[in-house]
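Undergrad:
In my numbering, the protein residues as written are 121 to 211.
#1: Rounded to the nearest angstrom, what separates residue 136 and residue 152 at their Cα positions?
#2: Of the residues 180, 184 and 159, which one's Cα is nearest the Cα of residue 173?
#3: Between which two residues does the beta strand (DSSP E) carrying residue 179 extend?
#4: Within 10 angstroms of the Cβ of residue 128, are there 16 or more other Cβ atoms? Answer buried if so, exposed if not.
#5: For residue 196, which three-state DSSP category applies?
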């Protein structure tokens, strides 16, 4: 599995911060610095999800680790994530 190169990751992170704000898309914690941010593939990369911004959300490492390669619907059910927080990113 390929990784996003550091400069592309920084550009994607900044783009997603502008789109989504400074909070984890799943649990809502506020990021204090850019090192706390992970990029989560909504449709997992391991299942063929692209590295496109439309398939990525900002998340904390805990939420990203808990989600793993689950589909978004599985993760929402498993961890009782509030769907309104995620939908707000796309509306």
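No residue lacks a Cβ here, since even glycine has one placed at the ideal position from N, Cα and C. On a predicted model such as this, the values are computed, not experimentally measured, just so you know.
TA: Checking against the coordinates, here is how it stands:
#1: 15 Å
#2: 159
#3: 176-180
#4: exposed
#5: helix
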